[in-house]
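Here the protein sequences line up with chains A and B, keeping their order. When the letters of the first sequence are read in order and numbered with our numbering, they come out as residues 1 to 422. When the letters of the second sequence are read in order and numbered with our numbering, they come out as residues 423 to 844. Comments concern the structure below.
Number of protein chains: 2
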Amino acid sequence: MTPQPERAQLIRGVAEAARRAARAVATASAATRRAAIAGIAAAIAAARADILAANARDRAAGEAAGLAPAMLDRLALDDGRIDALARAVREIAAQPELLGRVDRREERPNGLVVERVRIPLGVIAMIYEARPNVTIDAAALCLSSGNACILRGGREALESNRALIRAVETALAAAGLPREAVQLVAIPDREAIAELVALDDLIDLCIPRGGEGLIRFVAEHARVPVIKHYKGVCHVYVHASAELDAALRIAANAKTSRPGVCNAMETLLVDRAIAADLLPRLAAALPGVELRGCPETQRLVGGDRIRAASEDDWYAEYLALVLAVRVVGGLDEAIAHIQRYGSSHTESIVATDAAIAERFVREVDSSTVMINASTRFADGGELGLGAEIGISTTRLHAYGPMGAEGLTTTKFVVRGSGQIRT
Amino acid sequence: MTPQPERAQLIRGVAEAARRAARAVATASAATRRAAIAGIAAAIAAARADILAANARDRAAGEAAGLAPAMLDRLALDDGRIDALARAVREIAAQPELLGRVDRREERPNGLVVERVRIPLGVIAMIYEARPNVTIDAAALCLSSGNACILRGGREALESNRALIRAVETALAAAGLPREAVQLVAIPDREAIAELVALDDLIDLCIPRGGEGLIRFVAEHARVPVIKHYKGVCHVYVHASAELDAALRIAANAKTSRPGVCNAMETLLVDRAIAADLLPRLAAALPGVELRGCPETQRLVGGDRIRAASEDDWYAEYLALVLAVRVVGGLDEAIAHIQRYGSSHTESIVATDAAIAERFVREVDSSTVMINASTRFADGGELGLGAEIGISTTRLHAYGPMGAEGLTTTKFVVRGSGQIRT
């Protein structure tokens with residue numbers, strides 16, 4: 001472990017350099033920032049062999065250290081993932097320019113012209129685990145929104161992140177931007193995170209991504225604003241008016257298409273009126289999924305196919321092929337369940353009754369509410385934001401998936417001709 | 423002082439009641455919320471005698487306790503201020519409805535229709551001193567944005583706030599909204615604030631308003647998000663191209679029209695090219711204002727009219743008839759001074775050179791930047807937001823004056839026809 005005073009000094013130095021670089025990025029032209037982002041895509045492709053070799057070293061070390069298979073999967077890069085990474089970066093470079101955009105304009109009765117003009121937040125600290133693609137996504141999104149960033153990836157991805165950051169530095173240099181615009185903090189101990197997120201004079205926003213433990217650690221120690229979600233306990237509610245085929249298709253997609261991610265379904269709520277029809281078919285349609293049900297669900301599914309759900313199951317984010325199932329007596333009971341056990345992430349209703357569906361999206365106050373669609377669409381890319389920097393389940397600044405625009409704010413620009421206040 | 427466990431229980435109870443009431447306010451119709459707000463204006467007018475009597479008791483106690491004159495002034499209510507209060511509330515009731523507003527709508531290639539729909543934040547905690555009008559402004563703004571609020575006013579205004587909150591409760595009852603939608607926390611000790619702003623499971627946002635000491639106390643103890651500004655060190659920069667008459671008029675208005683507020687000018691920066699013309703006229707135009715200048719300013723103003731500014735003067739928020747003055751060598755020096763000593767509140771340039779003025783508003787990253795206008799316009803009402811709930815000098819969620827819309831956020835509403843993610 002790095003000695004404390006030396007480490008604190010090093011981290012403050014990184015943040016001070018980021019603050020200076022942020023000014024350079026904010027005042028650089030859109031063309032310069034776009035050139036840097038496009039350069040990242042090119043540099044990743046050029047450094048493919050280096051990146052794959054570094055990633056292989058991380059994976060070997062991870063396997064030796066006994067990392068969980070899900071963690072090793074998130075850590076892994078291959079040709080396909082590197083192609084996807086470069087493609088995402090090129091898409092970010094192609095997004096419309098945000099900085100300087102006038103969101104509102106009003107002439108006041110006294111002749112003052114008041115505008116709200118979009119500007120960067122400043123310095124963004126990303127704290128994340130395993131997935132090396134966050135390094136590149138965050139670098140590209142911060143540059144496109146005019147911010148500098150400090151990236152503190154997990155130690156398990158250190159070699160991969162170092163190889164990726166070299167590609168970023170190449171692109172920054174070619175575009176004439178300071179290399180401190182995107183810095184990787186390679187200090188492995190967790191106390192380094194605590195020191196970083198306390199620097200509220202230098203850092204404007206911290207976005208932690210990873211397990212609930214990491215996110216709670218950041219929230220505990222942060223003096224800078226934090227945008228986060230602890231977990232995604234996403235619900236699908238099948239109303240009595242639902243088309244059962246659609247309900248089964250959506251449930252299967254929401255649970256099984258990628259069970260380890262935050263927008264996967266964890267609890268299915270089913271109206272009593274259709275439970276006897278739907279639940280046996282559900283059990284058959286989700287063969288590899290362990291079911292945990294309320295007594296009524298247990299009775300309708302029957303036998304060894306299902307076990308009893310405990311109170312804890314209603315709060316659980318399994319991130320695995322496990323599903324909690326509960327029979328409810330209609331919309332109000334479904335909403336009450338979601339209010340009590342949900343995580344404000346994503347909930348979907350399956351229904352043909354439009355009035356019921358509209359009540360659901362109006363009264364459920366989660367960050368994403370859906371009608372007749374899989375919860376797996378709760379993703380910045382799928383919802384039209386371009387790449388995603390994170391998902392927020394708290395309401396300040398951003399609620400739900402957050403893209404490049406979430407990394408900006410507006411200032412007031414007031415143009416007058418000598419007005420004074422009387 | 424209330425014993426700690428009892429007080430903590432009481433405060434948690436207040437916040438839990440606010441959370442329940444928030445749901446009632448959020449789901450109430452626009453007509454109901456508007457009726458409650460209009461009812462507040464009527465109830466204030468009806469209770470005028472009670473409110474003035476309560477305020478007289480507060481002022482007598484404040485005088486006996488030796489409160490500063492500025493504090494006593496902020497505390498005071500009279501017929502004119504009560505009229506203004508009721509008028510502000512009626513203006514809030516007349517603002518366009520925010521909740522349910524669709525800010526964006528996009529149909530995705532797969533047919534999903536994605537909307538961003540405006541919703542309330544939830545429970546707002548206001549922590550403030552002296553000014554009893556905050557009680558009414560906050561109640562009306564929170565109702566108009568669909569939020570519940572917890573109001574912790576200062577002990578010096580307790581009787582006034584109690585009289586005002588009775589008017590609010592009358593209006594809530596008449597509109598059929600729960601009285602817990604607007605609660606006054608009458609516990610005087612500061613530890614109660616610390617306990618309140620730690621309740622991040624129940625409170626969505628805290629807005630402290632008052633002296634820097636109070637705001638730092640809240641920021642230290644908060645676990646909920648805080649929107650704040652510590653101080654307003656506002657600058658006026660007079661460029662060489664300025665009309666000197668306009669510069670003098672703006673400087674006089676920015677400094678003297680209400681020196682005790684955060685948008686008053688604290689430092690004047692003057693280009694060297696016009697300093698010899700402007701500064702003697704400035705000294706004559708601001709007869710009651712104490713000047714503290716850089717050596718060049720001292721020489722140009724001369725004599726006993728000015729004293730030397732220390733380094734501390736450039737950071738000072740005087741909130742009094744004192745002005746720091748510095749001669750600079752052009753736009754870049756002015757911007758560098760503001761970057762170093764400013765508080766991100768409000769800065770204004772006086773110039774006829776449009777290219778220079780535009781560079782100033784582009785490169786100065788304060789929350790409000792102005793051309794040829796008094797800094798005193800940095801106010802939610804003056805900039806077209808309607809009444810103001812606070813001013814933010816940090817960039818997350820709101821930057822600059824914040825009105826009712828700042829008390830809302832958006833959720834994603836996604837309407838499909840059975841889409842699943844492939």
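Positions of the beta carbon are idealized from the N, C-alpha and C atoms, including for glycine.
Minimum C-alpha distance to residue i - residue among the options
i       : options                               : result
A247(A) : A440(B), Q841(B), I466(B) and A475(B) : Q841(B)
A510(B) : D699(B), G461(B) and G764(B)          : G461(B)
C716(B) : A695(B), W736(B), R703(B) and A706(B) : W736(B)
L743(B) : A595(B), K677(B) and N685(B)          : K677(B)
R540(B) : S366(A), L269(A) and I391(A)          : S366(A)
E333(A) : G406(A), L268(A), L98(A) and I124(A)  : L268(A)
L177(A) : L196(A), D201(A) and A148(A)          : A148(A)
S770(B) : L627(B), V590(B), M687(B) and R434(B) : M687(B)
E827(B) : R588(B), I728(B) and C564(B)          : C564(B)
P287(A) : R272(A), T352(A), A60(A) and D304(A)  : D304(A)
C206(A) : I11(A), V226(A) and R190(A)           : V226(A)
D623(B) : S343(A), N253(A) and T408(A)          : S343(A)
F377(A) : A49(A), V236(A) and A284(A)           : V236(A)
L331(A) : V325(A), E129(A), A351(A) and L323(A) : A351(A)
Closer than 9 Å to chain A by CB, residue i
i       : result
V783(B) : yes
L741(B) : no
A665(B) : What sits at residue 665(B) in the sequence shown is Glu, not Ala. Chain A contact via Cβ: present.
A593(B) : no
D626(B) : yes
V655(B) : no
A468(B) : no
A779(B) : yes
Under 8 Å by beta carbon: chain A residues contacting residue i
i       : result
K833(B) : D365, S366, S367, T368, V369, Y399 and G400
Interface flag, residue i vs chain B, CB-CB below 9 Å
i       : result
F217(A) : no
S257(A) : yes
G288(A) : no
E382(A) : yes
P225(A) : yes
T394(A) : yes
L423(A) : This structure does not reach residue 423(A), given that chain A is present from 1 up to 422, and the question cannot be answered.
D271(A) : no
A26(A)  : yes
A378(A) : yes
V236(A) : no
A38(A)  : no
V182(A) : no
V322(A) : no
V301(A) : no
V414(A) : yes
Residue i: contacting residues in chain B (beta-carbon distance under 7 Å)
i       : result
S417(A) : N794
I420(A) : R671, I672, N675 and S796
V114(A) : L805 and G806
A246(A) : G840
V14(A)  : The premise fails here: V14(A) is roughly 20 Å from chain B at the closest Cβ pair, so nothing lies under 7 Å.
Residues that residue i bridges to, as DSSP identifies them
i       : result
T790(B) : F412(A) and T768(B)
V556(B) : Paired residue(s): none; V556(B) is not in a bridge.
Q761(B) : Beta-bridge pairing links Q761(B) to no other residue.
H239(A) : Note: H239(A) sits in no beta bridge, so no partner.
M265(A) : C234(A)
Q183(A) : I150(A)
T564(B) : The sequence given here places Cys at residue 564(B); Thr does not occur at that position. Answer is none; C564(B) lacks a bridge partner.
V747(B) : L690(B) and G715(B)
Interface residues of chain A facing residue i [CB-CB closer than 9 Å]
i       : result
P600(B) : What P600(B) touches in chain A: nothing, since even the nearest Cβ is about 17 Å away.
V619(B) : Within 9 Å Cβ-Cβ: nothing; V619(B) doesn't reach chain A, min ~14 Å.
Give the residues from the stretch 748–769 of chain B that approach chain A closer than 7 Å (Cβ to any Cβ), ordered along the chain. none
Proximal residues, the stretch 541–555 of chain B versus chain A, C-beta separation under 7 Å: Of all residues in the stretch 541–555 of chain B, I541, L543 and G544 have a Cβ within less than 7 Å of some Cβ in chain A.
Near-chain B residues of the stretch 84–110 of chain A - C-beta to any C-beta below 9 Å: G100, R104, E106, R108 and N110
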